[in-house]
Amino acid sequence: MNIFSFNSSDPAVKSLLLWKVGGEEEKWALKAVESLVKKLRKKHNGCGTVEDLEYALAHPVGLSKCVTIPRSQDGRLQVSHKKNLPHVIYCKLWRWPNVQSHHELKPISTCLYPYDNRGEQICINPYHYTRVEQQSAPIIFRAPSVSASDYYRGSPMIGYMSPSPWFPLPHPV
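Quick note on numbering that gives the first Met the number 0: the sequence shown kicks off at 0 and runs consecutively.
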């Protein structure tokens, strides 16, 4: 990713964009980060600063602070034409580019402001969430008790007509 292709003069925005993963649209990523930096700078309550977020991104295995933004009325955040939950947006931007839903994310136990607490503040630190792999239904293979070839073996009809589910073969009397 070429950081100079982003049209932002804010060094904090440029610094945070360096940690972007995946192929998200550059204009969208720029808008998402600019919006976040603006919210982090103007908040009066909650916790976490731009510097705390930079620290979390630079030290993914270390302990980091919650970085919060105010919860909107419907809990979602709109960036350009895309609307999603804030923690999903920033986990997608900085950690898992293929995350699609909040059902794929689970807060870590030390996060004080996880999305699912329904508080006034939401933690968007991508390292305060873990990925929950979606379970798919197990595929069960069952061996048939009698195969079709065993069923028709020895029948006078072999070669005359192939077995078909629409036209059952007559049973010999």
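In this text, a Cβ means the ideal position worked out from N, Cα and C, and glycines have one as well. Please read all numbers here as calculations on a predicted model, not as lab measurements.
Non-local C-beta neighbours of V98 in its own chain, meaning closer than 8 Å and more than five positions away in sequence, comprise V87, C90, K91, L104 and R130, ordered along the chain.
Taking G21 as the centre and dropping the five residues before and after it, the same chain places the C-beta of P96 closer than 6 Å to its C-beta, in chain order. For C90, there is no enclosing beta strand (DSSP E); the residue is found in the alpha helix (DSSP H) stretching over P85 to W93. Under the criterion of beta carbons closer than 8 Å, H127 and C46 do not qualify as touching, at roughly 12 Å. Per the C-alpha coordinates, the member of V32, K42 and S8 positioned closest to Q77 is V32. Of all alpha-carbon atoms in S34, E24 and K19, the one lying nearest the alpha-carbon of D9 is that of S34. Under DSSP, no beta-bridge partner is assigned to K42. Judged by their CB atoms, A55 and N116 are not nearer to each other than the 8 Å cut-off. Residues V87 of the same chain have their beta carbon placed closer than 8 Å to that of S100, with the five preceding and five following residues left out of the count. Straight-line spacing of the CA atoms in A57 and P85 works out to 20 Å. The three-state secondary structure of Y112, taken from DSSP, is coil. Remark: C-beta atoms of V49 and A11 approach each other more closely than 8 Å.
In this structure, the CA atom of E25 is about 43 Å from the CA atom of I139. Looking at the DSSP output, Y128 bridges to P106.
Around L15, the same chain offers V32 as residues with beta carbons nearer than 6 Å, after the five sequence neighbours per side are excluded.
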